[in-house]
Amino acid sequence: MDKYENILQNELLWLKSIGCNINKTSVGISVEREDMKTNDFNFFIPFSDNFKGNCVRISSNYSQFYNCEKKLLCSDFECEASFDLNLLAKSSNSNKKPRQFTLKEVDYNDWKCNNENRILISESLYYFILFNNLIVGKVNIVTYNNIKGVYDLEIFDRYRNKGYGTNFLNEYINIHSGYTFIQTWSDNIPAIKSYVKSGFSIYENIYRYVKR
1 MDKYENILQN ELLWLKSIGC NINKTSVGIS VEREDMKTND FNFFIPFSDN FKGNCVRISS
61 NYSQFYNCEK KLLCSDFECE ASFDLNLLAK SSNSNKKPRQ FTLKEVDYND WKCNNENRIL
121 ISESLYYFIL FNNLIVGKVN IVTYNNIKGV YDLEIFDRYR NKGYGTNFLN EYINIHSGYT
181 FIQTWSDNIP AIKSYVKSGF SIYENIYRYV KR
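Under full-length UniProt numbering, the letters of the sequence shown match residues 1 to 212, in that order.
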């Protein structure tokens, strides 16, 4: 299984954990979330140029990307201006500096935001981020094969703009073998710069095509 497929499966696990229904058929994957009808959580990922629904999501690394895009644009779909970016980093195993950050695994109920409930799955773990034993943030890590997906990374307000997020990610990607994956959207320039500085590179663009 290649990186493209591993990243997709990692993200699908996270989407499942936040309450999305995932339905895989011979023609593609449908993602739906009943309590949130935005295109972020309701879309179809095709396996060919057969499409379903009002929002079709395609990766720039998908082998049939150009054929699918051409057919979509000729079928009364248009591409949203903003798109997702999937960034990937490979452990260099070269970080010999003493670790400043540690992850403290916590129960989801201690981690979650108010009025939020997720489906607990074994591949998804919740952590507080400690800097020299000081809790500075939190993160959700999803593991699929050799990919660690970083989701819902949050540095708490009082510790922002001090480099904690960038430095944590830089340290994290080098403490385990394999790849680390993180996602943001194309308009979030500060996050993109931070992730690239941490050691990530843009791996793929994720476009959404919606019916006019």
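All C-beta atoms in this analysis are idealised placements derived from N, C-alpha and C, irrespective of residue type, glycine included. Bear in mind that the values here come from a model prediction, so they are computed numbers and not experimental data.
Could you say which of Lys138, Cys79 and Ser194 lies nearest to Asp152 if we only look at CA atoms? Mapped onto the sequence shown, residue 152 falls at position 152. Measuring from the Cα of Asp152, the nearest candidate turns out to be Lys138.
What do you get for Trp14, buried or exposed, if any count of 16 or more other CB atoms within 10 angstroms of its CB means buried? Numbered from its first residue, the sequence shown carries residue 14 at position 14. A residue is called buried when at least 16 other Cβ atoms come within 10 angstroms of its Cβ; Trp14 meets this threshold and is buried.
For Gln183, the three-state DSSP class (helix, strand or coil): Here residue 183 refers to the residue found at position 183 of the sequence shown. It is a strand residue.
Can you tell me whether DSSP reads Arg57 as helix, strand or coil? Start at 1 with the first residue of the sequence shown, and residue 57 comes out as number 57. Assigned with DSSP and collapsed to three states, Arg57 falls in strand.
Is Phe65 helix, strand or coil by DSSP? Sequence index remark: in the sequence shown, residue 65 carries index 65 (1-based). Here Phe65 sits in helix by DSSP.
Within the continuous beta strand (DSSP E) that includes Ala89, where are the two ends? As a position in the sequence shown, residue 89 is number 89, starting the count at 1. Following the DSSP letters along the chain, one finds Ala89 inside the beta strand (DSSP E) bounded by residues Asp84 to Lys90.
Please go through the UniProt domain "N-acetyltransferase" (75-212) and give each complete beta strand (DSSP E) segment of 3 or more residues, from N-terminal end onward. Entirely contained in the UniProt domain "N-acetyltransferase" (75-212), the beta strand (DSSP E) runs reaching 3 residues are, in chain order, 77-79, 84-90, 101-105, 124-131, 134-144, 147-155, 179-185 and 201-211.
If distances are taken between C-alpha atoms only, which option among Ile135, Glu105 and Phe43 comes closest to residue 225? Absent from the model: residue 225. The displayed extent of the chain is 1 to 212, so no value can be given.
Just verifying my parser: in three-state terms, what is the DSSP assignment at Ile22? Stepping through the sequence shown from its first residue, residue 22 is reached at position 22. Correct three-state label for Ile22: strand.
On the DSSP bridge list, what partners appear for Phe43? On the sequence shown, residue 43 is found 43 positions in, with the first residue counted as 1. Paired residues: Val31.
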